[in-house]
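Structure first, commentary second.
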Amino acid sequence: SCDEIDIQEGNVFSWHSTLHSSWDHVGMGKGYGGGGFEWNGPRDWTSDDYGPLANCIDTTKSFQVSAYFPTDDKGRATGMEITLTQHGKDCPLWTRLDGYSDMGALDRALAQGMTPIVSYWRSDDMLWMDGKGADGVGPCSEDRPSDCAEAVSFYDFAV
724 SCDEIDIQEG NVFSWHSTLH SSWDHVGMGK GYGGGGFEWN GPRDWTSDDY
774 GPLANCIDTT KSFQVSAYFP TDDKGRATGM EITLTQHGKD CPLWTRLDGY
824 SDMGALDRAL AQGMTPIVSY WRSDDMLWMD GKGADGVGPC SEDRPSDCAE
874 AVSFYDFAV
């Protein structure tokens with residue numbers, strides 16, 4: 724296992740940004756969606772904010788993702804900020820992950836140079852990301868991989 728910074732884990736229904744060190748497979752996440760019978764995924768946004776035909780980020784259209792790593796006065800990363808914007812929409816979605824207990828390990832990994840990896844996958848086991856959750860407000864009640872596109876497009880990718 725290795726240190727991992729998930730800037731974008733998402734589909735048309737849900738979004739997660741997560742920090743996890745090599746020993747922490749759960750990590751600290753924010754965004755919207757997911758859960759199981761006894762737990763909820765992040766609830767920082769709603770389906771009115773993010774999803775198909777949503778008010779802020781309509782996932783049926785292209786949108787921009789920006790990640791920023793704020794630092795303390797010694798130059799050490801203290802967390803991660805994520806902003807989602809969409810042309811013609813006046814309500815960007817923003818979240819900050821800070822206070823992560825093992826941010827020091829992620830700061831060291833960033834300083835050593837991490838490799839960006841972009842992957843796309845679909846599965847019949849995705850309710851952890853977009854399921855109803857224990858509170859019943861997550862977007863999906865069942866896994867339907869056939870509802871996921873065969874491919875996605877990433878452009879203007881820059882580090």
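Each residue of the sequence shown is one higher than the last, beginning at 724 in this note's numbering.
Even glycine gets a Cβ: it sits at the ideal position worked out from N, Cα and C.
All figures in this text were calculated on a predicted structure; none of them were measured in a lab.
- In the structure shown, Asp-747 adopts coil according to DSSP, grouped into three states.
- Cβ neighbours of Cys-725 within its own chain (closer than 7 Å, five residues either side excluded): Ser-745.
- Considered as a whole, the segment 749–791 harbours no complete run of any alpha helix (DSSP H) with no fewer than 4 residues.
- By the neighbour-count definition (other C-beta atoms within 10 Å, threshold 16), Pro-862 is a buried residue.
- Residue nearest to Phe-877 within the set Leu-776, Asp-825, Trp-768 and Lys-784 is Lys-784 (criterion: CA-CA distance).
- Check the Cα spacing between Ile-730 and each of Lys-855, Ile-840 and Asp-853: the tightest is with Ile-840.
- Boundaries cannot be given for Gln-809, as no beta strand (DSSP E) includes it and DSSP labels it neither H nor E.
- DSSP places Asp-830 in the uninterrupted alpha helix (DSSP H) bounded by 826–835.
- Sequence-distant Cβ neighbours of Ile-805 in its own chain, meaning closer than 6 Å and more than five residues away, are Ser-740, Ala-790 and Thr-818.
- Scanning Asp-858, Pro-815, Leu-829 and Val-788 for the CA closest to the CA of Ala-881 turns up Val-788.
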